[in-house]
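Protein chains in written order, with the numbering used here: chain A, 1 to 175; chain B, 176 to 489. Ideal Cβ placement from N, Cα and C applies to all residues, glycine included.
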Amino acid sequence: MTARTVLQQADITRALTRISHEILESAKGSTDLVLLGIPTRGVILAERIAAILNEIEPGCARAGALDVTMYRDDLSRNPTRTPSPTQIPDGGIDGTTVVLVDDVLYSGRTIRSALDAINDIGRPRVVRLAALVDRGHRELPIRADFVGKNLPSSTEERINVRLAEIDGLDEVTIE
Amino acid sequence: MRHLLSTKDLSRDEAIAILDLAEDMAQAQTREVKKLPALRGKTIVNLFFEDSTRTKTSFEAAAKRLSADVINFSAKGSSVSKGESLKDTAQTLAAIGADGVVIRHHSSGAPRVLATSGWIDAGVVNAGDGTHEHPTQGLLDAFTMRKRLHGEASRGKALDGVTVTIVGDILHSRVARSNVWLLSTLGAEVSLVAPGTLLPVGVETWPVTVGYDLDAAIAAKPQVLMMLRIQSERMNAAFFPNAREYSRQWGFDDERLARLPEDSLVMHPGPMNRGLEISSGAADSARSTIIEQVANGVSIRMAVLYLLLTGGAA
């Protein structure tokens with residue numbers, strides 16, 4: 001099957017900029033934002049969003065990584081997964097506004113695991129969810145607060161998010 | 176990974192992957208909530224036919240931190256002391272529904288029998304079998320070295336070129352064997368120092384250099400000096416004249432500590448015979464990693480149990 005590009009580099013940058021403004025707006029002036037990316041590509045998106053936020057309001061955001069492997073509900077069904085490091089920014093997450101960042105929102109099971117993982121690390125004031133692509137097919141009652149692009153898809157299709165830091169270029173394709 | 180029976184079975188990449196995973200586990204141990212839910216609903220049996228405190232406690236802590244249920248079984252006070260065979264014990268455990276078995280046995284090869292016999296369909300971890308192997312000890316020693324030598328940047332690294340000298344009762348030591356295989360897989364240069372009577376037949380085929388003189392070994396400035404325990408329970412022949420003579424020739428005392436380079440590590444798998452193979456001054460010095468080894472043991476065992484008990488039908 002041939003791959004079709006749905007977002008190009010400029011589209012991704014624009015989407016992240018818009019998400020950043022939406023995060024600031026919904027935070028109502030709170031300057032204690034913690035962006036936790038879900039490995040692998042969510043971590044990079046979280047860093048990019050934090051950088052944009054800090055340009056708009058210096059010092060308002062910190063970025064980190066949250067690995068959810070140990071909290072997944074499919075550990076005994078799928079081949080063994082290797083976890084990635086969790087990196088909680090200095091100062092912790094107690095009382096902060098945590099924004100979970102993932103590249104593709106699909107079944108919602110990863111986010112469920114992430115909520116459990118956050119529970120073990122601290123007690124944020126509020127937890128929000130940002131995703132670059134929402135492709136539908138939720139299996140749990142979970143909804144993103146900030147979405148880069150809604151991409152109705154069939155379960156047969158594959159959505160690939162490529163980011164310059166890992167893949168050498170920025171693009172989202174569907175195949 | 177289905178079982179962990181020997182460090183000989185591990186490839187370099189597999190070994191590094193276990194050490195990296197243990198880093199993640201160690202990180203989780205610094206949190207307020209130390210428990211991870213990865214093995215919820217799994218049952219792990221600690222099957223110990225030989226006495227052990229630290230290994231058994233360490234495996235138990237590791238399993239509990241991963242939310243598994245742990246059943247402790249020791250030969251003393253069980254049907255084994257009434258003459259039950261390994262087969263019957265294994266089938267009993269299978270009927271109880273064990274997903275993983277951690278076994279320590281006085282006979283070399285017992286874990287492999289358990290893993291390959293078909294008596295029980297569970298992941299088997301060798302926690303020390305006779306004079307054969309103790310793979311998680313080898314892994315935690317490698318992990319400790321890597322952490323001390325590379326610090327924060329140790330992820331993904333091996334131990335290429337690190338000089339390790341293992342001293343003492345090589346003949347009976349499963350720790351030494353597991354370390355020799357693993358460390359040479361990871362690229363370290365291993366040498367052994369022991370009285371000739373405590374070296375096994377065939378040691379010349381091992382990937383190591385062999386010496387008999389501890390002072391010469393210290394003069395060569397090894398980066399890691401690993402002292403082994405004199406296993407009095409296995410000293411059933413005259414391997415050396417008496418303890419005092421052993422201590423004078425091959426014991427790591429304060430005077431030898433002073434000659435060892437400032438940044439070398441002193442390791443011991445425990446339990447120690449203070450004053451015999453290692454002096455209190457050496458055991459408690461800043462160069463000693465003995466307490467770290469115990470702490471790292473929990474992380475390594477969490478990593479191993481995670482790898483063995485997750486990942487079902489793909």
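In the three-state reduction of the DSSP assignment, A/Glu47 falls in the helix class, which pools H, G and I. Note: B/Thr338 is bridge-paired with B/Glu364 in the DSSP secondary-structure output.
In this structure, B/Val376 is the residue among B/Val376, B/Leu482 and B/Ser422 with its C-alpha nearest to the C-alpha of B/Ile345.
Not flagged as an interface residue toward chain A: B/Leu400, since no C-beta distance is shorter than 7 Å. Between the beta-carbon of A/Ser84 and that of A/Thr40 there is about 7 Å, and that keeps the pair under the 8 Å contact cut.
Look at the beta carbons and you see the region 184-199 of chain B not touching the region 127-144 of chain A: under three pairs across the two are nearer than 8 Å. In this structure, the beta-carbon distance from B/Val383 to B/Val355 falls below 7 Å. For B/Arg206, the chain A residues whose C-beta falls within less than 7 Å of its own C-beta are Asp120 and Ile121, listed in chain order.
DSSP places A/Glu156 outside both helix and strand once states are collapsed to three, so it counts as coil.
For the pair B/Val368 and B/Val342, the CB atoms are nearer than the 7 Å cut-off. Setting aside the 5 residues that flank it on each side, B/Asn471 is surrounded in the same chain by Ala197, Ala201, Leu315, Phe318, Thr319 and Lys322, each with a C-beta closer than 8 Å to its C-beta; the list follows chain order. Taking C-alpha positions only, A/Ile12 is separated from A/Gly168 by approximately 14 Å. Across the region 86-102 of chain A, CB contacts with chain B closer than 8 Å involve Thr86, in sequence order along the chain. The beta-carbon separation of B/Gly275 and B/Ile219, rounded to 4 Å, stays under the 8 Å limit for a contact.
Of all residues in the region 471-486 of chain B, only Leu482, Thr485 and Gly486 come within less than 7 Å of chain A when Cβ atoms are compared, listed by chain position.
Taking the beta carbon of B/Ala328 as reference, no residue of chain A falls within 8 Å; the closest one sits roughly 12 Å away. Legend: CB atoms of the region 447-461 of chain B lying less than 7 Å from CB atoms of chain A are not found in any residue.
Contact between the region 21-32 of chain A and the region 70-84 of chain A is absent, with fewer than three C-beta pairs closer than 8 Å. For B/Ala392, the closest C-alpha among the options B/Asn411, B/Trp425, B/Arg462 and B/Lys257 is that of B/Trp425. Rounded to whole angstroms, B/Arg229 and A/Arg109 show a C-alpha spacing of 38 Å. Contact between A/Ala131 and A/Val104 holds: their C-beta atoms lie close to 7 Å from each other, under 8 Å. Collapsing the DSSP output to three states places B/Gly456 in a helix.
Ranking B/Gly326, B/Ala333 and B/Ala265 by CA distance to the CA of B/Ile295 puts B/Ala265 first. DSSP places A/Arg128 within a strand segment (E or B) once states are collapsed to three. About 6 Å separates the Cβ atoms of B/Leu241 and B/Met477, confirming a contact at the 8 Å cut-off.
By the neighbour-count definition (other C-beta atoms within 10 Å, threshold 16), A/Ala65 is a buried residue. Beta-bridge annotation (DSSP): A/Leu100 is paired with A/Leu36 and A/Leu129. The DSSP-derived three-state label of B/Ser249 is strand. Annotated as distal: B/Leu373 and B/Val365, with beta-carbon spacing of 7 Å or more.
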